[in-house]
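Peer 1: To start, I am sharing the structure in question, which I have written as structure tokens.
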Amino acid sequence: MEPQIVMKDKVEPGEEFTVELNEKKNKEMAYQIFIVDEGLMSLTNYKVPDVHSAIFAKEALSIFSFDNINEVIGVQNVVTSNVYSIGGDKAKLALDGDKKSDRFTPVVINGGLHILKPGAKNLHKFKINNYIGAVRVMVVANNRKAFGSTEKSVKVKSDLMAEITCPKVLNTNDNLELPITIFNYNKNISSAEVELIASPNIQISGSKKQTVRFDGLTEKIIFVPVILDKFAGKAFLEAKVHSGSNSSSHKLEFNILNPNPTITEANSFWIEPNQELDLQLTQDKFELLEKQKIEVSNGLASSFTKSIQNLINYPHGCLEQTISAAFPQLYVNKIVNVNELSNEKILENIQAAFSKLKNFQNGDGAFSYWPGSRSVDEWASVYAGHFLVEAKKNSYTVPSGMLESWYKYSSYMSSQFDKLKYSYSIEIQCYRLYVLSKYGKPDFASMNRMASVSGKSLVATWFLAGAYAVAGNKDIAENLVEKLGKDVSPYRDSEYTYGSDFRDHCMIAMILADMGKQSDARSLLQKISKNSKINANYTTQENVFFILAVEKVFGQVGNTVEMNYSYFDGKKSQDIKTSKFIMNHDLDMNLNKTKIRNNSKSVIHVSLVQIGKLKSQYTSEVAQGISIKNSMTYQNGKAIDYSQVKQGEDIKLQVEVYNNGSSGNIKNLALTTVIPPGFEIRNERFIFDQESQNLDFQDIKDDRVMSYFNLNTGQKKNIVIQLTAAYRGKYEKASIVCEAMYDPNIFARQYTEQIVIR
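Residue numbers (numbering that gives the first Met the number 0): 0 to 757.
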């Protein structure tokens, strides 16, 4: 069968064109027609399949895909993930978060399924908007006796065209000179009128219309000064060019971002029975307030909403933090009504976590701390199993091979455990035994051996008791902890178990609930919540195990005492009666005061939560335990003049992090270097002779570089980022933040200078 495409070799953007389909031998056929960006096809060297040869091949069709680049590129010890994002990956992109706008919308047109009668010709009309380049028109056909396919490459261009280019990321308050390239392929056109149209949040400085004279050139670049609004959100720019009967346009959609971090602030209040509280809602700290709400609980001094938001918005992506962002979402809607997390959104987030975990699992079933690393992180590996086991119990479709592979590794490690190998290994072993019991496959032999080991830490013994309790041996669990206290001495571990006394107290409360001691568990949670500071910055481990403990202690039993209260939401008074122990209520964004009355018989706790972008004056430079210095130089080491960086220059941004020794050796530091939008980051991970910076991991994004490392007392780490000054304009200061991921008391923030690229 020989389907034939009859159409022009060139079409214009926005022009309606006709594709004629016929069969050379006048046969009847069913066919599908596709029109796809030629650039996407070239990425995978895609060719329309010869259907007949594939169907009747003596050997099965081999599939070659760009996806195997990780298998090849890994030979050079370069870790890659999503090297390119191309057409057809929308399903995956949706799991990574809602895209607000597409900078590049690929041409992928499915013309549908059609029938061609014998000897007939079918006509199809299409239009390709806002695109310059080439597309491939492809047809695959068959009937009851034959198969066939064909393809045709078609240029999409006009004699006169405009194209806007701008940085990958645009920030509020930035000024830039927007380059617009005008293409002229008609020798008779000597000049053209260019008009720039912008969304309301972009101000065009000077004239919106310009006259371009080509002087014999086929390409001319003009620069239009624009000022970005102080408010973040979707934006667009459109360039229209015309000369006589020739005209075209190019529209570019993008997001204007507020570069300041999103902060969740909470204030704590207690209200006695039959008492009323007036709350003042100030927005002075926020440049952009995104949400404000109140959270009411029966006796638990916490901000559950803040814990959830901090986990979901946490920017770093190691194994522990990937799990921590997803783990509490298994239970969140059972505990409190968080309106931002619908069941569909939670399902997407959980499935996305499963997909990401594949990048961390080694061939033996263990998990590494960073994707692509061969070394096993034992605590985080057990933590991954804990998440997978609980997800399966909560009816999520867990990748069976991933969980089974984890079980084989964990059961082997459990049986081969050597308590003398590491000082912290007993805690990891007891946690492993606890999770194996939760999986329904307790290792009683290892549990019995561990029960006889002396000198176990408090939390290790509680984990072992939990393993017995979950396995159905509550008597043994009782004996293990009969004379054991519940008070954990203050400590913080930033490397091996990522623990703290707060985290361990939450674990003990969770295990008390496993043992059926709900009253003791409730008392312990209430005690530690009252002693904690609601606005303190807790680590991911602390937040997750607090949420797990709350779900275990309160979520499955509920309150025995009903909450009864009223509050003003900005429009009217709302009366609430509920047996839930935590309630969450949105407040009007313009509300500056509210009133809450406790009509219950017991004291209630109220947390006022505000989420938004802080004003710059509230994100000043700080240094606790570490310090930061940054500088920009040319490639020869000469310092730049920040007020006049030449466009096209290659620049080195150097960031020095220093451990002054006040906190000892520091593990798992995360340095986030935000890049001013006028610069392009030169990703040198694919240049195999690059000088190693001795980092645990580095993640290069469009507008920032995230580096991870350890730093001993008195040690300095110098991170070098190669940049190119790509876009003319004036750019605000960009933040550089370094934090110990498992110690909130170690933190430093600095800013680059304001930069002008000329």
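We put the beta carbon where it would ideally sit given N, CA and C, even for glycine.
Based on the DSSP output, what are the partners of W771 in its beta bridges?
Peer 2: Given that the chain is displayed from residue 0 to residue 757, the structure contains no residue 771 and the question cannot be resolved.
Peer 1: How about V139 and S148: do their beta carbons lie closer than 7 angstroms?
Peer 2: As a first step, residue 139 is located in the sequence shown; it is residue number 140 there, counting from the start. As a first step, residue 148 is located in the sequence shown; it is residue number 149 there, counting from the start. In contact: V139 and S148 (Cβ atoms closer than 7 angstroms).
Peer 1: Less than 8 angstroms between the CB atoms is what I'm expecting for T180 and E162, so what's the real figure, rounded?
Peer 2: The count along the sequence shown starts at 1 and reaches residue 180 at position 181. The count along the sequence shown starts at 1 and reaches residue 162 at position 163. Contact holds; Cβ gap of about 5 angstroms.
Peer 1: Output yes or no for whether 7 angstroms exceeds the beta carbon distance between K292 and H604.
Peer 2: For the purposes of this step, residue 292 is taken as residue 293 along the sequence shown, with counting starting at 1. For the purposes of this step, residue 604 is taken as residue 605 along the sequence shown, with counting starting at 1. Result no, Cβ atoms of K292 and H604 do not sit closer than 7 angstroms.
Peer 1: To the nearest whole angstrom, what separates the beta carbons of L169 and L112, a pair I think is in contact under 8 angstroms?
Peer 2: Indexing the sequence shown from 1 puts residue 169 at position 170. Indexing the sequence shown from 1 puts residue 112 at position 113. The pair is not a contact, with the Cβ atoms about 42 angstroms apart (cut-off 8 angstroms).
Peer 1: If contacts are defined as beta-carbon pairs under 8 angstroms, then N659 and N709 qualify, I think. What distance do you get, rounded to the angstrom?
Peer 2: In the sequence shown, counting from the first residue as 1, residue 659 sits at position 660. In the sequence shown, counting from the first residue as 1, residue 709 sits at position 710. Not quite, the Cβ-Cβ distance comes to about 15 angstroms (not below 8 angstroms), so this is no contact.
Peer 1: Per DSSP, which residues does Q540 bridge with? Please list them.
Peer 2: Along the sequence shown, one-based indexing puts residue 540 at 541. Answer by DSSP bridge pairing: none, since Q540 is not bridged.
Peer 1: Can you find the residues in the same chain that come closer than 6 angstroms, C-beta to C-beta, to S404, ignoring five residues on each side of it along the sequence?
Peer 2: By 1-based counting over the sequence shown, the position of residue 404 is 405. G364.
Peer 1: Give every residue of the same chain whose Cβ lies closer than 6 angstroms to the Cβ of K551, excluding the five residues on either side of it in the sequence, and list them in chain order.
Peer 2: Counted from its first residue, the sequence shown places residue 551 at position 552. Taken in chain order, the residues that qualify are M509, A512.
Peer 1: Output yes or no for whether 7 angstroms exceeds the beta carbon distance between S323 and T632.
Peer 2: Residue numbering aside, residue 323 sits at position 324 when the sequence shown is read from its first letter. Residue numbering aside, residue 632 sits at position 633 when the sequence shown is read from its first letter. For S323 and T632, no; Cβs fall outside 7 angstroms.
Peer 1: Quick one: measure Cβ to Cβ for A265 and S606, integer angstroms, because I've assumed they're closer than 8 angstroms.
Peer 2: For the purposes of this step, residue 265 is taken as the residue at position 266 of the sequence shown. For the purposes of this step, residue 606 is taken as the residue at position 607 of the sequence shown. At roughly 5 angstroms, the Cβ-Cβ gap stays under 8 angstroms, so A265 and S606 are in contact.
Peer 1: Rounded to whole angstroms, what is the Cα-Cα separation between N81 and E319?
Peer 2: The residue you call residue 81 lines up with position 82 of the sequence shown. The residue you call residue 319 lines up with position 320 of the sequence shown. Because the pLDDT at N81 is just 43, under 50, the model does not fix this residue reliably, and the value given afterwards should be weighed accordingly. Their Cα atoms are separated by approximately 21 angstroms.
Peer 1: Just to confirm, is the Cβ distance from K732 to T751 under 7 angstroms?
Peer 2: In the sequence shown, residue 732 corresponds to position 733, counting from 1. In the sequence shown, residue 751 corresponds to position 752, counting from 1. Cβ distance < 7 angstroms, so K732 and T751 count as in contact.
Peer 1: Compute the Euclidean distance between the alpha carbons of I754 and L523, then round it to the nearest angstrom.
Peer 2: Within the sequence shown, residue 754 is the residue found at index 755, counting from 1. Within the sequence shown, residue 523 is the residue found at index 524, counting from 1. Approximately 53 angstroms between the Cα atoms of the pair.
Peer 1: Go ahead and label Q428 buried or exposed: buried means 16 or more other beta carbons lie within 10 angstroms of its beta carbon, across all protein chains shown.
Peer 2: Within the sequence shown, numbered from 1, the residue matching residue 428 stands at position 429. The residue in question, Q428, is buried, as its Cβ has 16 or more Cβ neighbours within 10 Å.
Peer 1: Considering E679, what are the terminal residues of the beta strand (DSSP E) in which it resides?
Peer 2: Locating residue 679 in the sequence shown gives position 680, where the first residue counts as 1. It spans 678-680 - the beta strand (DSSP E) in which E679 sits, taken as one unbroken run.
Peer 1: My guess is that Q721 and R681 are in contact by the Cβ rule of under 8 angstroms, so how many angstroms apart are they, rounded?
Peer 2: Taking the first residue of the sequence shown as 1, we reach residue 721 at position 722. Taking the first residue of the sequence shown as 1, we reach residue 681 at position 682. Confirmed, Cβ separation roughly 4 angstroms.
Peer 1: Applying the criterion that 16 or more other CB atoms from any shown protein chain within 10 Å of the CB defines a buried residue, is G118 buried or exposed?
Peer 2: Counted from its first residue, the sequence shown places residue 118 at position 119. Answer is exposed; the Cβ neighbour count stays below 16.
Peer 1: Once you ignore the five residues that flank K144 on each side, which residues in its own chain have a CB closer than 8 angstroms to its CB?
Peer 2: In the sequence shown, counting from the first residue as 1, residue 144 sits at position 145. Closer than 8 angstroms at the Cβ level, and outside the excluded window around K144, lies no residue.
Peer 1: Please state the DSSP three-state secondary structure of N183.
Peer 2: The residue labelled residue 183 in the question sits at position 184 within the sequence shown. DSSP places N183 in strand when its eight states are reduced to three.
Peer 1: To which residues of the same chain is L613 closer than 8 angstroms at the C-beta, ignoring the five residues directly before and after it?
Peer 2: Mapped onto the sequence shown, residue 613 falls at position 614. Result list for L613: N259, P260, I262, K284, F285, E286, in chain order.
Peer 1: Is the separation between the beta-carbon of K485 and that of A300 shorter than 7 angstroms?
Peer 2: To locate residue 485, count along the sequence shown from 1; it is residue 486. To locate residue 300, count along the sequence shown from 1; it is residue 301. Cβ atoms of K485 and A300: not closer than 7 angstroms.
Peer 1: Would you decide whether D701 is buried or exposed? Buried here means 16 or more other CB atoms lie within 10 Å of its CB.
Peer 2: Stepping through the sequence shown from its first residue, residue 701 is reached at position 702. So D701 ends up on the exposed side.
Peer 1: Answer with buried or exposed for D742, where buried requires no fewer than 16 other C-beta atoms within 10 angstroms of its C-beta.
Peer 2: Taking the sequence shown and counting its residues from 1, the one referred to as residue 742 is at position 743. Burial call: buried.
Peer 1: On the three-state DSSP scale, how would you describe Q646?
Peer 2: Walking along the sequence shown from the start, residue 646 turns up at place 647. Here Q646 sits in coil by DSSP.
Peer 1: Is there contact between the region 191-206 and the region 264-282, where contact requires at least three CB pairs shorter than 8 angstroms?
Peer 2: With the cut-off at 8 angstroms, the region 191-206 and the region 264-282 do not touch.
Peer 1: Could you give the distance in angstroms between the alpha-carbon of Y564 and the alpha-carbon of K207?
Peer 2: As a working mapping, residue 564 is identified with position 565 in the sequence shown. As a working mapping, residue 207 is identified with position 208 in the sequence shown. The straight-line gap from Cα to Cα measures roughly 57 angstroms.
Peer 1: As a quick exercise: from G663, N44, S601, F443, pick the residue whose alpha carbon is nearest that of N297.
Peer 2: Taking the sequence shown and counting its residues from 1, the one referred to as residue 297 is at position 298. It is S601 whose Cα lies nearest to the Cα of N297.
Peer 1: Using the three-state DSSP reduction, which class does H504 fall into: helix, strand or coil?
Peer 2: What you label residue 504 is simply residue 505 of the sequence shown in a count that begins at 1. Of the three classes helix, strand and coil, the one that applies to H504 here is helix, per DSSP.
Peer 1: Any idea which residues DSSP pairs Y730 with across the strands?
Peer 2: Residue mapping note: residue 730 aligns to position 731 of the sequence shown, counting from 1. BP columns for Y730 point to I754.
Peer 1: Quick one: residues in its chain with C-beta nearer than 6 angstroms to the C-beta of V5, no 5 flanking neighbours on either side, listed in chain order?
Peer 2: Within the sequence shown, residue 5 is the residue found at index 6, counting from 1. Excluding sequence neighbours, V5 sits near E19.
Peer 1: How long is the line joining the alpha carbons of N761 and M582, rounded to whole angstroms?
Peer 2: Absent from the model: residue 761. The displayed extent of the chain is 0 to 757, so no value can be given.
Peer 1: So, at 6 angstroms on beta carbons, what are the nonlocal neighbours of A553 in its own chain, with the 5 sequence-adjacent residues on each side left out?
Peer 2: Reading the sequence shown from its first residue, position 554 is the one you call residue 553. Looking at the sequence itself, residue 553 is Phe, so the reference to Ala does not match. Contacts found: F580.
Peer 1: Are the CB atoms of T396 and K355 nearer to each other than 7 angstroms?
Peer 2: For the purposes of this step, residue 396 is identified with residue 397 of the sequence shown, where counting begins at 1. For the purposes of this step, residue 355 is identified with residue 356 of the sequence shown, where counting begins at 1. Not a contact, by the Cβ cut-off of 7 angstroms.
Peer 1: Could you tell me if G471 is buried or exposed, where buried requires 16 or more neighbouring beta carbons within 10 angstroms of its beta carbon?
Peer 2: Position 472 of the sequence shown, counted from the first residue, corresponds to residue 471. It counts as exposed.
Peer 1: Report the CB separation of Y495 from Y423 in whole angstroms; it is logged as a contact under 8 angstroms.
Peer 2: As a working mapping, residue 495 is identified with position 496 in the sequence shown. As a working mapping, residue 423 is identified with position 424 in the sequence shown. Going by Cβ atoms, the distance from Y495 to Y423 rounds to 4 angstroms, so yes, they are a contact pair.
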